[in-house]
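Sequence order for the protein chains is P and D. Numbering follows this note's numbering, with no gaps: position 37 of the first sequence is 37. Numbering follows this note's numbering, with no gaps: position 97 of the second sequence is 97. Heads up, the thing below is written out as structure tokens.
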Amino acid sequence: DVKVTQSSRYLVKRTGEKVFLECVQDMDHENMFWYRQDPGLGLRLIYFSYDVKMKEKGDIPEGYSVSREKKERFSLILESASTNQTSMYLCASRRVVGLSSYNSPLHFGNGTRLTVT
Amino acid sequence: GNSVTQMEGPVTLSEEAFLTINCTYTATGYPSLFWYVQYPGEGLQLLLKATKADDKGSNKGFEATYRKETTSFHLEKGSVQVSDSAVYFCALSDQGGGFKTIFGAGTRLFVKA
């Protein structure tokens with residue numbers, strides 16, 4: 001089974017801090033994603049990465065950056081945390097099969113619940 | 001752009017009742033459609049998928065049929081159990097959307113014994 005591991009289940013940070021959320025997958029998947037989940041809004045895509053050292057902005061990238069130096073690891077960085085970034089953050093990975101990676105399902109970690117005070 | 005709309009919850013049912021959660025979508029291309037389930041304290045996991053029109057995805061007694069004419073992918077189960085209590089997300093992904101997966105807002109299901 002694919003395992004996607006997020007380094008922290010719960011995190012409490014202060015406004016203005018730089019925050020790192022780490023995600024590691026063990027199945028050599030090419031694509032990796034960061035979503036945030038908020039009640040009534042579903043999942044919204046922050047950033048994604050097609051492959052190592054590649055990154056693309058999602059729908060809500062403001063205030064975030066990412067790093068993918070190794071294939072198995074995708075880091076989300078909050079440059080200066082703010083209270084409106086309090087949320088559940090979900091990392092996911094996906095295998096590319098030929099040209100049709102969009103047919104492949106996402107594999108999710110268990111999430112990091114971040115509180116910014 | 002692409003979008004997914006699913007019925008608002010929460011949905012509360014008694015055990016062994018029939019379940020339907022409606023999902024409709026808008027897409028520029030020919031998307032693949034997915035249902036994911038999130039149990040308390042966990043991330044999402046794939047429940048079922050369908051990749052072309054008229055395909056039926058099924059898993060654990062749940063079913064959904066890809067209806068291109070009505071742009072729908074409704075989730076059904078004939079007899080729900082307490083253990084089905086969770087949040088259900090409808091999602092789509094296609095090449096026109098830049099390979100991104102777009103999710104609906106989620107529908108919370110409560111099943112009472």
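By construction, the Cβ of each residue, glycine as well, lies at the ideal position given by its N, Cα and C atoms.
Residue nearest to residue 6/D within the set 54/D, 36/D, 90/D and 48/D is 90/D (criterion: CA-CA distance). In the three-state reduction of the DSSP assignment, residue 31/P falls in the strand class. When DSSP states are grouped into helix, strand and coil, residue 64/P belongs to the strand group.
Chain-order list of chain P residues neighbouring residue 100/D: 33, 45, 48, 56, 58, 59 and 102, by C-beta distance under 9 Å. Taking the Cα of residue 28/D as reference, the smallest distance to any Cα among 68/D, 48/D and 22/D is reached at 68/D. In this structure the region 74 to 89 of chain P does not touch the region 9 to 18 of chain D; the number of beta carbon pairs closer than 8 Å is below three. At a cut-off of 7 Å, the C-beta of residue 110/P has a neighbouring C-beta in chain D.
In its chain, beyond the 5 residues on either side, 30 have a beta carbon closer than 6 Å to the beta carbon of residue 51/P. The alpha-carbon separation between residue 45/P and residue 112/D amounts to approximately 33 Å.
The C-beta distance from residue 92/D to residue 2/D rounds to 6 Å, short enough to fall under 8 Å. For the set 17/P, 36/P, 6/P and 10/P, the Cα lying nearest the Cα of residue 24/P is the one of 6/P.
In chain order, 101 make up the part of chain D whose C-beta sits under 7 Å from the C-beta of residue 106/P. When rounded, the separation of the alpha-carbon atoms in residue 63/P and residue 78/D is 45 Å. From the listed residues 37/D, 65/D, 102/D and 26/D, the smallest Cα separation to residue 52/D is found for 65/D.
Looking at 101/D, 84/D and 94/D, the one whose alpha-carbon comes closest to that of residue 37/D is 84/D. If you compare the alpha carbons of 11/D, 43/D and 25/D with that of residue 73/D, the shortest gap goes to 25/D.
Inclusion of residue 20/P and residue 77/P in the CB contact set at 7 Å is warranted, their separation being smaller than that value.
Distance from residue 22/P to residue 73/P at the Cβ level is roughly 7 Å; contact confirmed, criterion being Cβ atoms closer than 8 Å. The region 44 to 78 of chain D is shown to contain no whole alpha helix (DSSP H) run of 4 or more residues. The alpha-carbon separation between residue 43/D and residue 49/P amounts to approximately 19 Å. Close to residue 41/P, with beta-carbon spacing below 7 Å, are these residues of chain D in chain order: 105. At least 7 Å separates the beta-carbon of residue 50/D from that of residue 42/P. Legend: CB atoms of the region 37 to 63 of chain D lying less than 9 Å from CB atoms of chain P belong to residues 38, 41, 42, 43, 44, 45, 46, 49 and 51.
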